[in-house]
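Reading through the structure tokens given below for one structure.
Number of protein chains: 2
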Amino acid sequence: MTAFKYFKEDWTPVIDDYLAKHLASEVDNQKISQIMAYSVMAGGKRLRPLLFLATLNTLGRKIDEPEIRIACGIELIHTYSLIHDDLPAMDNDDYRRGKLTSHKKWGEAEAILAGDALLPLGIQWIAEGSQSAQLVNIITQAVGPNGMVGGQYLDIDSTNNASVAGDAKFINQMEWLKTGCLIQASVEMAAVYAKASDIEQVKLIDFAKAFGRSYQIYDDLVDVVETSEKAGKATHKDKEEGKNNTLTLLGIDQSRKELKDLIDQAKDNLHGLNGEVLAGFLDLYQKVL
Amino acid sequence: MTAFKYFKEDWTPVIDDYLAKHLASEVDNQKISQIMAYSVMAGGKRLRPLLFLATLNTLGRKIDEPEIRIACGIELIHTYSLIHDDLPAMDNDDYRRGKLTSHKKWGEAEAILAGDALLPLGIQWIAEGSQSAQLVNIITQAVGPNGMVGGQYLDIDSTNNASVAGDAKFINQMEWLKTGCLIQASVEMAAVYAKASDIEQVKLIDFAKAFGRSYQIYDDLVDVVETSEKAGKATHKDKEEGKNNTLTLLGIDQSRKELKDLIDQAKDNLHGLNGEVLAGFLDLYQKVL
């Protein structure tokens, strides 16, 4: 088993337990708590919290409850973004990870509010650790109008807009904002938290940039390479709905090539760091290559 | 003119200018910036930022650009809550302050995202000042599942639920969470920011609790006392829609009496503080008494 797999098998249950326990104990209203937990505990890969923890590991920082809390705060924020993206007014998805989406299960107002509750709770968990001001600055920028929400806006604004279909610069920017920003923030917060040296910070952020970009291409490829059943959500949906992404821009073969180039780049960026666990995240892509 | 009116006339244009200028300069995408600014610049009274600044004034703290930025961060967050409350799945309001609501003007996805953008941007502005960790803790708790969003959830969950119509405890809690929490946070953040003594903090928080509670009663009373035109939004709407609030619980006369009692309480809480400006906020209620 690779160092990454050991790491993942060690920490995924710790993350899952922490999320389940603290959503139950820290949210006063049992119904809201249940609606929030339904989506948070829906079987996500915990990619972003694991990235945060793996970056701490790379920097030789011990992982304890305060670090788990920050990692889980990132997952709460990621889950909020999924719930809102699935809403009828947005991507209008009925299923995610093989389960009904929040608004299909609980109602639309409930889903909007579950997202609205997860975002500040996630920021609160992140803000309670050391380096609070810097971490809050990184996370709020990553998910705000110049980050994730900005990307989602470009997405809805450009859906069925033929004029951006061939615009690689626009598509790159949209995908970076939608997905890359929060991935980079997960690594960057760990670098700041563990007080990485300047040279370590540069390497880690470059790694995060390549990984974040590659992850969106991977996510688009999964959509066509896997069947709907395996991916746990409606696949082949982007093209039907007039979505523009790297895949619709480049096609499958060229997307795979770009993904391979980004994997090489990301590995290069880890040179000179104790980056065995972080490099293992790139193995995730094997199934679409 | 009262000290409060001077204070309000001094600082309201400063708040308005700061909001307009920084939404334009700090949000990269011009369209999102415009959608966010449409609601932020829709003629709100700036009650919460003025409360933050007036509390600083009470504590003898100088007001400069860093303090204005925090005050405006609170207003961004308040505006996010209004945009989401007005959505079709929530209160389904077409007008607010005499203008089309965000989703009527720009579309539903755009309104959801404008709210989703204003919340982290507001927290970012608040987090950039001194006492960052404490202020972020106060604001995220105030607007999270145990605060404002929790109140909004109780509201939608209890609409047309006859069993809570006479439940004073439930209605008090719902109204406190929906409105009181963010008002209290505005005062509490100023107290922490200006390093108020323990005794000053207790007095200010008690004032904020009485003021926050009274403000919701006032807001419900405006709904029936003023005409739709004057209030700038649909009035008499709560009763028609099966909403439960202090007014539907107590009726107009008893609500007015409770409001008067709270005004007296709030004034008492300011005893021994340089609270002339803060006390002036209570004059706002004259028009419904």
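Quick note, the sequences are listed as chains L and G, same order.
Those letters in the first sequence? Residues 926 to 1214, per the numbering used here, in order.
Those letters in the second sequence? Residues 926 to 1214, per the numbering used here, in order.
Backbone N, C-alpha and C fix where the C-beta goes; we use that ideal spot for every residue, glycine too.
Just so you know, the alpha carbons of Gln-1179/L and Ala-1093/L end up roughly 13 angstroms apart. Taking 8 angstroms as the cut-off, the Cβ atoms of Gln-1141/G and Gly-1105/G count as close.
The alpha helix (DSSP H) runs lying completely inside the stretch 1029–1099 of chain L and spanning 4 residues or more are 1033–1052, 1057–1068, 1073–1083, given in chain order. Within its own chain, the residues whose Cβ lies closer than 8 angstroms to the Cβ of Ile-1130/L, once the five positions on either side in sequence are excluded, are Gln-1109, Val-1112, Glu-1113, Ala-1116, listed in chain order. Bounds of the alpha helix (DSSP H) holding Glu-1125/L are 1123–1150. Think of a sphere of 8 angstroms around the beta carbon of Pro-991/G: no beta carbon from chain L falls inside it, the nearest being about 13 angstroms out.
Thr-1004/G is positioned such that its CB atom lies closer than 8 angstroms to that of Val-965/G.
Between Ala-1135/L and Ala-1191/L, the C-beta spacing is below 8 angstroms.
The continuous alpha helix (DSSP H) containing Pro-991/L extends over residues 990–1011. Note that the C-beta distance between Ile-1037/G and Ala-1014/L is below 8 angstroms. The Cβ neighbour count for Thr-980/L, taken over all protein chains shown within 10 Å, is at least 16; the residue is labelled buried. For Ala-945/G, the uninterrupted alpha helix (DSSP H) segment begins and ends at 928–951.
Residues of the stretch 1020–1050 of chain G with a C-beta atom less than 7 angstroms from some C-beta of chain L are Glu-1033, Ala-1034, Ile-1037, Leu-1038, Asp-1041, Ala-1042, Leu-1044, Pro-1045, Leu-1046, Ile-1048, Gln-1049, listed in chain order. Ile-1002/G and Leu-1043/G have their C-alpha atoms roughly 6 angstroms apart.
Of the residues Gly-998/G, Tyr-1020/G, Asp-1082/G, the one whose Cα lies closest to the Cα of Gly-1054/G is Gly-998/G. Against chain G, the CB of Ser-1088/L has no partner CB under 8 angstroms away; the residue lies outside that interface. When the Cα atoms are used, Trp-1050/G and Lys-933/G turn out to be separated by approximately 22 angstroms. Sequence-distant Cβ neighbours of Asp-1208/G in its own chain, meaning closer than 8 angstroms and more than five residues away, are Thr-927, Phe-929. Between the stretch 1077–1092 of chain G and the stretch 984–993 of chain G there are fewer than three C-beta pairs closer than 8 angstroms, too few to call the two in contact.
Separation of the CB atoms of Pro-1045/G and Val-952/L is rounded to 20 angstroms, and the pair is thereby denied contact status at 8 angstroms.
Lys-1024/G sits in a strand when the DSSP states are folded into three classes. In the structure shown, Asn-1194/G adopts helical secondary structure according to DSSP, grouped into three states. Separation of Leu-1102/G and Ile-1096/L (C-alpha to C-alpha, rounded to the nearest whole angstrom) is 41 angstroms. Within the stretch 961–992 of chain L, contact with chain G at the beta-carbon level (separation under 8 angstroms) is assigned to Met-961.
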